[in-house]
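If you're matching them up, the sequences are chains A and B in order. Position in the first sequence (first residue = 1) + 38 = this note's numbering. Position in the second sequence (first residue = 1) + 564 = this note's numbering. All C-beta atoms in this analysis are idealised placements derived from N, C-alpha and C, irrespective of residue type, glycine included. Quick caveat: nothing in here was measured; it's all calculated off a predicted structure.
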Amino acid sequence: MMKQFLTLLLAVLALGLPMTAQAAPLRIEITEGVIEPLPFAAPGFVPENSAARQLAQDLAQVVADDLAGTGLFRQIPDSAFISQISSFSSPVQFADWKAINAQALITGAVNLESNGRLVVKFRLYDVFAGQELGSGLQFAGTQDGWRRMAHKVADAVYSRITGEGGYFDSRVVYVNETGPKDDRKKRLAIMDYDGANVQYLTDSRSIVLAPRFSPTGDRILYTSYETGFPRIYLLDVASVRRRVLEDQTGTMSFAPRFGPDGQTVVYSVTRGGNTDIYRMNVSTGATQRLTSAASIETAPSFSPDGSQIVFESDRSGTQQLYIMDATGGEPRRISFGQGRYGTPVWSPRGDLIAFTKQSKGRFHIGVMRTDGSEERLLTASFLDEGPTWSPNGRVIMFTRETQGANGQASLYSVDISGRNLKRVKTLGGASDPAWSPLQN
Amino acid sequence: MNTGQYISGVAHIGLIGWALIGGVFQPAPEPFEVTEVSVISNAEFDAMMTSTTGPSLETDLAALTPPEPDATEPEAPRAENPDPAPVIAEPDQTTPPPAPETAPDVTALLPPGPPAEVEDVAPVLVPPTEAPVTAAPENSPTPKPRPVPRVAPEPVAAPEPDARTDDIAQDQAVDDSTADAQRDQQEQTVEEEAATEIVTEAEQGASSAPSRSVRPRPRPTQVARPEPDSNTGTQDAVANALAEALATGTAETPKPAAPSGPPLTSGEKDALRVAVQKCWNTGALSTDALKTVVIVSVQMKPDGFPETGTIRMVDAQGGTSGSASQAFQAARRAIIRCGAKGFKLPPEKYEQWREIEMTFNPEKMRIK
């Protein structure tokens with residue numbers, strides 16, 4: 039009886055509904071996808087003259103290596119290709135690339151002009167949409183700069199697909215280490231982010247530590263034991279000229295880092311057994327003391343907007359992370375987990391802080407939000423330390439040292455998702471990396 | 565009787581106690597083994613411990629295996645080799661970047677060459693036009709407008725082949741003795757063919773012929789409404805009533821009797837959802853795009869294939885316009901890739917899924 043009444047009621051209601059209800063689309067919600075590298079095809083670039091033949095192959099390979107190295111993309115080997123790209127301007131047979139599941143297709147052309155000028159063109163296609171993604175771009179430069187041009191192509195491809203900036207056209211300054219552990223020679227070196235084009239900036243007569251790029255990448259701050267005590271130096275990358283930044287007798291200064299304005303530097307000074315954080319204007323030399331606790335405060339790092347500083351302090355009894363205003367003031371503790379936290383570095387995007395954590399005899403590189411929440415450890419080993427952010431805030435590079443007398447330091451990188459941990463190519467030992475901003 | 569058990573129990577306990585305390589089972593003690601412990605010095609102990617806890621790099625590395633992406637359904641056979649890349653890629657030490665081993669010549673560190681200048685404008689790079697479909701023997705050649713050199717205010721159709729071209733079009737007049745009024749014998753003339761504009765071959769669009777024949781519509785399957793089952797619960801009764809009411813409503817509309825059928829069951833919706841999410845790859849999305857929920861609309865063909873040209877973004881929440889665009893592209897790829905074989909949808913309910921709105925919510929896919 040009840041059911042019949044309900045049926046009647048619903049029938050009446052349904053008849054009263056406007057007929058357009060029938061045209062309402064079917065709605066479904068999709069909440070679970072897959073996380074896998076996006077397959078792309080990068081056939082060798084088309085050489086527009088015979089002189090460019092080798093460069094065309096090499097360029098395409100560097101582009102492919104850049105993309106595949108992120109762990110977000112997977113290169114489809116040339117042997118799987120159904121059709122080839124023989125001309126840069128002829129239309130693409132999308133069906134041939136769909137068939138091998140290439141979701142992105144990169145085509146390019148290289149021309150080496152008689153005056154040594156190198157011109158690189160490329161296009162990116164969204165194969166399944168059957169259209170070009172963005173418009174074609176062209177880079178020109180000297181032949182020596184061909185790797186940079188390849189990195190620029192890869193950056194453009196990366197940002198068009200992922201929607202965030204790339205990081206391939208960038209450099210890394212680090213401490214090159216040679217010799218046995220008890221007589222280790224250290225000198226500053228600079229290289230492309232992928233380990234190519236290594237150049238040395240200092241000799242190995244004195245110990246150098248913790249190089250840091252300026253926001254424009256043209257200057258480097260580092261700590262040297264040249265005088266027997268740690269001192270901060272400012273080095274111009276182009277001229278390799280340097281000067282002492284902070285020189286007060288009876289003090290040790292170290293752990294420098296630029297502020298986002300390129301003029302302000304924060305660093306630590308140890309005087310009479312107490313270590314505190316100072317800031318200095320590199321143009322005027324004016325300094326300001328930011329902390330005054332009896333505990334050790336060090337490793338300061340600016341937020342990208344320059345308004346705050348994150349640093350490590352043992353004022354609570356164990357080494358923890360704190361944030362204070364860029365002009366000093368009462369700090370607020372943000373790390374509360376088990377273990378010791380150190381070397382915090384603010385992400386260039388401002389949302390995360392990377393740090394080194396020591397817990398239960400292991401070292402980790404981790405990230406947390408700026409309020410200390412959502413702590414995630416990305417690595418674990420005998421000794422991991424000193425994180426530095428890629429220009430787009432997606433990848434962290436750090437030092438990993440192996441155990442024992444023959445232990446050697448080397449550079450590793452890891453995605454902030456914790457995936458794609460890999461070693462960075464360097465010749466000999468390497469430590470203390472600092473990633474430059476994207477080059478212009 | 566209890567007394568006997570008590571006596572027995574006490575006797576047993578006594579016997580066992582004597583055996584334990586009296587040392588029946590204990591051999592004569594050997595005191596010298598005990599002193600051996602105190603002989604070991606701290607240094608020796610440390611040495612022993614360090615030697616036993618030798619480092620195992622492999623264990624370290626193995627423990628670092630980053631979380632693998634969620635297991636996914638194997639896709640259509642991939643043409644490439646399986647990716648053998650290990651989690652920790654050791655660099656190829658055989659091809660290291662060249663570096664001087666001697667103390668560096670500082671002058672050699674001077675500017676590493678002028679940085680490659682970048683021209684971000686690409687005036688020469690006009691997107692290539694699609695080649696006209698030429699090698700398609702199964703398609704009849706599309707009739708193309710003839711090249712018409714003459715331009716007139718009004719277009720004139722092509723003349724009959726045997727008619728003479730003249731400025732004035734006239735019908736043919738022949739001798740007809742039966743007619744009332746005799747007209748002069750007149751040859752048929754037509755105006756010269758003309759068009760309103762000059763259309764060159766280069767300006768003609770590509771062939772408008774369909775690139776493939778349209779699939780025949782599936783035979784209308786019998787629309788079998790589920791018989792109301794008196795034994796089912798109220799929910800089924802409500803659903804049936806609703807379907808019946810809706811069906812009645814449709815029948816009354818003047819629209820042709822398109823198959824509509826009852827709404828999709830949750831199982832059918834789930835099947836569609838699973839089919840799409842298999843291809844929804846968020847692996848290459850930015851962290852911003854992973855915060856963006858996009859609603860994407862797509863028109864479907866009756867055979868279950870999506871009309872890829874109709875895929876559009878209805879709405880986006882969270883994130884920036886850039887991240888919405890990336891999120892939409894990933895969603896579009898998912899629909900096109902997994903729709904390439906057609907979605908399994910009940911044809912009799914076509915009206916229900918003629919248009920589908922899919923909400924792609926990446927909340928669970930964010931970096932954790």
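Alpha helix (DSSP H) segment containing Ser572(B), residue limits: 566 to 585
Applying the 10 Å Cβ sphere with the 16-neighbour rule, what's the burial state of Trp917(B)? buried
With 16 other CB atoms within 10 Å as the buried threshold, where does Asp220(A) fall? exposed
Nearest residue (CA-CA) to Gly456(A), options Pro129(A), Gly404(A), Thr381(A): Gly404(A)
From what residue to what residue does the beta strand (DSSP E) around Tyr360(A) run? 358 to 363
How about Lys908(B): is its C-beta nearer than 9 angstroms to some C-beta of chain A? no
Excluding the five sequence neighbours on either side, which residues of its own chain have a C-beta within less than 7 angstroms of the C-beta of Val858(B), listed in chain order? Met877, Ala880, Ala888, Ala891, Phe892, Ala895, Phe924
Distance, Thr216(A) Cα to Pro668(B) Cα: In this prediction, Pro668(B) has a pLDDT of 38, which is less than 50 and means its spatial position is unreliable; what the coordinates show is noted afterwards. One C-alpha to the other measures close to 14 angstroms.
Close beta carbons around Gly204(A), own chain, < 6 angstroms, minus the five adjacent residues each side: Asp193, Tyr196, Ser197
Between Arg876(B) and chain A, is any beta-carbon pair separated by less than 9 angstroms? no
Short Cβ contact (9 angstroms threshold) for Phe277(A) with Arg269(A): Here the sequence assigns Ser to residue 277(A), which means Phe is not the residue at that position. No.
Within a Cβ cutoff of 8 angstroms, which residues of the same chain sit near Ser252(A), ignoring the five residues on either side of it in sequence? Ile258, Leu259, Phe296, Gly300
By how many angstroms is the C-alpha of Phe206(A) removed from the C-alpha of Thr698(B)? The predicted position of Thr698(B) is uncertain, since its pLDDT is 43 and thus under 50; no value can be drawn from it.
Considering just the uninterrupted stretch of the beta strand (DSSP E) at Arg481(A), what are its terminal residues? The requested residue 481(A) does not occur in the structure, where chain A is confined to residues 39 to 478.
Shortest alpha-carbon distance to Gly355(A) belongs to which of Leu226(A), Ser330(A), Arg378(A), Arg243(A)? Arg378(A)
Does the region 165 to 184 of chain A come close enough to the region 428 to 445 of chain A that 3 or more CB-CB pairs lie under 8 angstroms? no
Measure the CB-CB distance between Lys833(B) and Ile68(A) and report whether it falls below 9 angstroms. no
Meets three-Cβ-pair contact criterion under 8 angstroms: the region 225 to 235 of chain A and the region 573 to 580 of chain B: no
Does the distance from the C-beta atom of Val72(A) to that of Lys842(B) stay below 9 angstroms? yes
Evaluate Lys395(A) with the Cβ neighbour count: other Cβ atoms within 10 Å of its Cβ, from every protein chain shown; 16 or more gives buried, anything less gives exposed. buried
Using a Cβ-Cβ cut-off of less than 7 angstroms, list which residues of the region 107 to 141 of chain A approach chain B; keep chain order. Leu110, Phe111, Arg112, Ile114, Pro115, Ala118, Ser127, Ser128, Pro129, Ile138, Asn139, Gln141
Beta-carbon neighbours of Phe924(B), restricted to chain A and to distances below 7 angstroms: Ile68
Opposing strand residues paired with Gln237(A) [DSSP bridges]: Ile228(A)
In chain A, which residues lie less than 9 angstroms from Ala853(B) when you measure between Cβ atoms? Thr200, Gly201, Glu202
Going by Cα to Cα distance, which pick from Gly168(A), Lys223(A), Tyr212(A), Tyr231(A) is closest to Lys190(A)? Tyr231(A)
Neighbour list for Gln841(B) in chain A, Cβ cutoff strictly below 7 angstroms: Ile68, Glu70, Gly71
Less than 9 angstroms between the beta carbons of Phe126(A) and Ala142(A), yes or no? no
Closer than 9 angstroms at the beta carbon, the chain A residues around Leu836(B): Leu64, Ile66
Checking contacts by CB at 9 angstroms: is Ser572(B) closer than that to chain A? no
Lys159(A) lies in the alpha helix (DSSP H); which residues open and close that run? Lys159(A) -> not in any alpha helix (DSSP H); beta strand (DSSP E) instead, spanning 155 to 164.
Close Cβ partners of Ser321(A) (< 7 angstroms) along its chain, the five nearest in sequence each way excluded: Gln301
Where Gly442(A) and Val236(A) are concerned, what is the direct C-alpha to C-alpha distance, given to the nearest angstrom? 28 angstroms
Between Leu247(A), Val211(A), Gly233(A), Leu239(A), which has its C-alpha nearest Glu222(A)'s C-alpha? Just to set this straight, residue 222(A) is Arg in the shown sequence, not Glu. Comparing Cα positions, the closest option is Leu247(A).
Quick check: what's the CA-CA separation for Ala392(A) versus Phe160(A)? 35 angstroms
Is it the case that the Cβ atoms of Ile454(A) and Leu415(A) are separated by a distance below 9 angstroms? no
Span separating the alpha-carbon of Val157(A) from that of Pro870(B): 41 angstroms
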